[in-house]
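Chains as they are written, first to last, in the UniProt record's numbering: chain H, 1 to 186; chain C, 1 to 388.
This is the structure we're talking about:
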């Protein structure tokens, strides 16, 4: 939205407005009368020293060079002074992530789209593996080796159930196909 | 180098072809890992429950290591220092860090403003590769990493990077008063520590609730707690009300988070359908089991975006909810003293030790709770290269 209210906010206005209000505190009946510095549920985790009210006027570290694509939350103006360089967005999952990051952290669209991107990324990862001649090894990579050693009965039970469900599914599909063929020949 | 490589939910690789990390910022250090742990919260990543967990990432936010290289701005650390590295990445300068909320740093996570910066915890935690590897890049190296105190056992040191301070803070933020009845939901590593530390604040009674008998047995020995299996109860809330003179516990600690068992609808909606960020069963039990005007401390991890919460009960009972990621750096001096003085020996919770090469087995065993596992430790083969 072009004229959305958030586009009309001036940088650093929060403290300016607060200071202005506090300067005219005498005009606000009862201002500060019941303030109790000990009424602080964050104690002792937070050492309240008023730094909150300085907002972003603190000494910042130098900016880590932006030599790769880093997505950032739209709830902040840019990237942080340091950032992780693991796995920049790539391919279809990357495109989905870019879309997700156009929404705030308050929205389901942001988070659920990221989950979707994660699932797409898993398939993308398998394809990348194959392209590089790496064959996924579920026996090792899924830890089935350990399961076989410590939970053999459970492992066999689950494998048998999966095999049974797969066989039933295949048989059901075959039967449906056969029925369709019969119907079309009538 | 050898490092854990996430390939999708329930599938990880011990990958020998990962590049050794480089200095990317003047405040960085490169650390050669000597010990790392798998955290219960790593399982949320492993199970595919945390948004923006990208294929190819290395997990691990609990590790110790030897400094191999430092950036031009690093002054407190030098090459060869053996350090424990808190899981929080913190700048030390922002208003939150200035107030010792190191788990809420404003300059460590571009991707999510609700979350601090953490090693190896998805892009929702800032996109940093973690310590289940031979080497790690450690940003803001002058702020949180701490040189191992002389004589400290390495396994206790690595537990100080998360488990010990997180368990401690669970009890600390619960505002426990002398004589209080404290209920801890979850007998995993954090629940065990929280129950143990509840006594440090003067608890009169500590009750641990879980579903795994071997962990409950451990809680009785390690945490000196009463321990009960909710599978043997018709309703854990009624059990706890009755156990507290129909009054409710003074304090309840949720040390389970988003993968709790015990409630069918929560499991279906939270874990199977992902309609909420995992199951909030332990939180519901905590809210309903605590007394009116009581305190619920949340230390179990819940992912975004939301969970069903009993807000009406919270309001009507006048509860105080206190929660945060542990601020490790703030707590370290006190906790180092507790360990060095022999008041607590955290390494007793480490039940399994794996070479880093066997990390897929370690994850599977921890995820499925095989072989009575409580806490798995990973040892990289390069760990012993240059320290005694």
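For glycine and all other residues, C-beta sits at the position ideal for the given N, C-alpha and C.
If you're wondering where the values come from, they're calculated on a predicted model, not measured in any experiment.
Exercise. Could you list the residues in the stretch 123-144 of chain C with a C-beta less than 9 Å from some C-beta on chain H, going in chain order?
Key: Correct list: 123, 124, 125, 126, 127, 128, 129, 130, 137, 139, 140.
Self-check item: DSSP state of residue 411 (chain C) mapped onto helix, strand, coil
Solution: Residue numbering for chain C in the displayed model covers 1 to 388; residue 411 (chain C) lies beyond these limits and cannot be assessed.
Quiz item: Per DSSP, which one or two residues make a beta bridge with residue 57 (chain C)?
Solution: The residue given as residue 57 (chain C) occupies position 57 in the second chain. Residue 57 (chain C) pairs with nothing; no bridge assigned.
Self-check item: Per-residue contacts from residue 24 (chain C) into chain H (C-beta, under 7 Å)
Solution: Taking the first residue of the second chain as position 1, residue 24 (chain C) is located at position 24. What residue 24 (chain C) touches in chain H: 64, 85.
Exercise. Pick helix, strand or coil for residue 4 (chain C), following the three-state DSSP scheme.
Key: Here residue 4 (chain C) refers to the residue found at position 4 of the second chain. Here residue 4 (chain C) sits in strand by DSSP.
Exercise. Measure the Cβ-Cβ separation of residue 371 (chain C) and residue 43 (chain H) and say whether it is below 8 Å.
Key: One-based indexing of the second chain puts residue 371 (chain C) at position 371. One-based indexing of the first chain puts residue 43 (chain H) at position 43. Their beta carbons are not under 8 Å apart, which means residue 371 (chain C) does not touch residue 43 (chain H) by this criterion.
Exercise. Look at the Cβ atom of residue 296 (chain C), then the Cβ atom of residue 41 (chain C), and state whether they are nearer than 8 Å.
Key: Taking the first residue of the second chain as 1, we reach residue 296 (chain C) at position 296. Taking the first residue of the second chain as 1, we reach residue 41 (chain C) at position 41. Going by C-beta atoms, residue 296 (chain C) is not nearer than 8 Å to residue 41 (chain C).
Quiz item: Taking the DSSP output, what are the residues bridged to residue 210 (chain C)?
Solution: Here residue 210 (chain C) refers to the residue found at position 210 of the second chain. Paired residue(s): C:229.
Self-check item: Other residues of its chain near residue 357 (chain C): CB distance less than 8 Å, five sequence neighbours each side excluded
Solution: Indexing the second chain from 1 puts residue 357 (chain C) at position 357. Hits under 8 Å: 2, 14, 381.
Quiz item: Bridge partners of residue 6 (chain H), per DSSP?
Solution: Looking up residue 6 (chain H) in the first chain gives position 6. Residue 6 (chain H) is not bridged to any residue.
Practice problem: Please decide whether residue 37 (chain H) counts as near chain B, where near means a Cβ-Cβ distance under 8 Å. | Solution: The question asks about chain B, but that chain is absent: this structure's protein chains are H and C.
Quiz item: Which same chain residues, not among the five before or five after residue 128 (chain C), have their C-beta less than 6 Å away from its C-beta?
Solution: As a position in the second chain, residue 128 (chain C) is number 128, starting the count at 1. Excluding sequence neighbours, residue 128 (chain C) sits near 119.
Exercise. Please classify residue 207 (chain H): is it buried, with 16 or more other beta-carbons within 10 angstroms of its beta-carbon, or exposed?
Key: What the structure shows of chain H is the stretch from 1 to 186, and residue 207 (chain H) is not part of that stretch, so it cannot be assessed.
Exercise. Using alpha carbons as the reference points, say which of C:243, C:44, C:348, C:342 lies closest to residue 368 (chain C).
Key: Looking up residue 368 (chain C) in the second chain gives position 368. Distances from the CA of residue 368 (chain C) to each of C:243, C:44, C:348, C:342 were compared; the closest alpha carbon is that of C:44.
Exercise. Please look up how many angstroms separate the CB atoms of residue 27 (chain C) and residue 140 (chain C), rounded, as I've assumed it's under 8 Å.
Key: Within the second chain, the letter at position 27 stands for residue 27 (chain C). Within the second chain, the letter at position 140 stands for residue 140 (chain C). So it is a contact: roughly 5 Å between Cβ atoms.
Self-check item: 7 Å Cβ cut-off: residues of chain C touching residue 80 (chain H)
Solution: Stepping through the first chain from its first residue, residue 80 (chain H) is reached at position 80. Correct list: 107, 108, 109, 110.
Self-check item: Listed by chain order, chain H residues near residue 363 (chain C) by CB distance under 7 Å
Solution: Along the second chain, read from residue 1 onward, the residue named residue 363 (chain C) stands at position 363. In chain order: 143.
Quiz prompt | Residues of the stretch 25-55 of chain C with Cβ closer than 7 Å to any Cβ of chain H, in chain order | solution = For the stretch 25-55 of chain C, the set of positions with a beta-carbon nearer than 7 Å to some beta-carbon of chain H reads 25, 26, 27, 48, 51, 52, 53, 54, 55 in chain order.
Quiz item: Could you give the distance in angstroms between the alpha-carbon of residue 309 (chain C) and the alpha-carbon of residue 283 (chain C)?
Solution: To locate residue 309 (chain C), count along the second chain from 1; it is residue 309. To locate residue 283 (chain C), count along the second chain from 1; it is residue 283. Computed Cα separation, rounded: 8 Å.
Quiz item: Per the contact definition of three or more C-beta pairs closer than 8 Å, is the stretch 94-112 of chain C in contact with the stretch 52-70 of chain H?
Solution: In short, these stretches touch, since the Cβ pair count reaches three.
Practice problem: Could you pull the start and end residues of the beta strand (DSSP E) that residue 289 (chain C) belongs to? | Solution: Sequence index remark: in the second chain, residue 289 (chain C) carries index 289 (1-based). Element bounds for residue 289 (chain C): not the beta strand (DSSP E) but the alpha helix (DSSP H), 281-289.
Quiz item: Can you find a CB in chain H that lies within less than 8 Å of the CB of residue 13 (chain C)?
Solution: For the purposes of this step, residue 13 (chain C) is taken as residue 13 along the second chain, with counting starting at 1. Cβ-Cβ to chain H under 8 Å: yes for residue 13 (chain C).
Practice problem: Would you mind telling me which residues of chain H sit closer than 7 Å to residue 10 (chain C), beta carbon to beta carbon, in chain order? | Solution: As a position in the second chain, residue 10 (chain C) is number 10, starting the count at 1. Scanning chain H for C-beta atoms nearer than 7 Å to the C-beta of residue 10 (chain C) yields 142, reported in chain order.
Practice problem: Take the Cβ of residue 238 (chain C) as the centre, count every other Cβ of all protein chains shown within 10 Å, and call the residue buried at 16 or more, exposed below. | Solution: As a first step, residue 238 (chain C) must be located in the second chain, where it is residue number 238. Burial state of residue 238 (chain C) is exposed, judged by a 10 Å Cβ sphere holding fewer than 16 other Cβ atoms.
Self-check item: Whole-Å CB distance - residue 321 (chain C) paired with residue 255 (chain C), under 8 Å assumed
Solution: The sequence position of residue 321 (chain C) within the second chain is 321, counting from 1. The sequence position of residue 255 (chain C) within the second chain is 255, counting from 1. Actually they do not touch by this definition, with Cβ atoms about 15 Å apart.
Quiz item: Tell me the DSSP bridge mates of residue 355 (chain C)?
Solution: Taking the first residue of the second chain as position 1, residue 355 (chain C) is located at position 355. Beta-bridge analysis with DSSP links residue 355 (chain C) to C:379.
Practice problem: State buried or exposed for residue 89 (chain C), treating a residue as buried only when at least 16 other CB atoms are found within 10 Å of its CB. | Solution: For this step, residue 89 (chain C) is matched to residue 89 along the second chain. So residue 89 (chain C) counts as buried.
Quiz item: Can you find a heavy atom of the ligand GTP that lies under 7 Å from the Cβ of residue 7 (chain C)?
Solution: What this structure holds is no ligand at all, so the ligand GTP is not there to describe.
Practice problem: May I ask you to verify whether the stretch 260-278 of chain C touches the stretch 17-27 of chain C, counting CB pairs closer than 8 Å and requiring at least 3? | Solution: No, they do not touch.
Quiz prompt | Chain-ordered neighbours of residue 291 (chain C) on chain H, where CB pairs are closer than 8 Å | solution = As a working mapping, residue 291 (chain C) is identified with position 291 in the second chain. Going along chain H, no residue has its Cβ under 8 Å from residue 291 (chain C), so there is no contact; the nearest lies around 18 Å.
Self-check item: Proximity to residue 162 (chain C) [Cα-Cα], best of C:143, C:84, C:93, C:384
Solution: Along the second chain, one-based indexing puts residue 162 (chain C) at 162. Selected option, being the one with the closest Cα: C:84.
Practice problem: Check whether the Cβ atoms of residue 248 (chain C) and residue 242 (chain C) sit closer than 8 Å, and answer yes or no. | Solution: To locate residue 248 (chain C), count along the second chain from 1; it is residue 248. To locate residue 242 (chain C), count along the second chain from 1; it is residue 242. The answer is no: Cβ separation not under 8 Å.
Quiz item: Going by alpha carbons, who is nearest to residue 31 (chain H) out of H:38, H:40, H:18?
Solution: Along the first chain, read from residue 1 onward, the residue named residue 31 (chain H) stands at position 31. Residue 31 (chain H) has its Cα closest to that of H:18, out of H:38, H:40, H:18.
Quiz prompt | Own chain partners of residue 383 (chain C) with C-beta closer than 6 Å, once the 5 adjacent residues on each side are dropped | solution = As a position in the second chain, residue 383 (chain C) is number 383, starting the count at 1. Take residue 383 (chain C), set aside five residues on each side of it, and the residues of its chain with a beta-carbon closer than 6 Å to its own are 34, in chain order.
Practice problem: Would you tell me roughly how many angstroms separate the C-alpha atoms of residue 294 (chain C) and residue 2 (chain H), rounded to the nearest one? | Solution: Stepping through the second chain from its first residue, residue 294 (chain C) is reached at position 294. Stepping through the first chain from its first residue, residue 2 (chain H) is reached at position 2. Near 47 Å, if we compare the C-alpha coordinates of residue 2 (chain H) and residue 294 (chain C).
Self-check item: Range of the contiguous beta strand (DSSP E) that encloses residue 110 (chain H)
Solution: Residue numbering aside, residue 110 (chain H) sits at position 110 when the first chain is read from its first letter. Secondary structure note for residue 110 (chain H): it is in no beta strand (DSSP E), and the uninterrupted alpha helix (DSSP H) holding it is 108-131.
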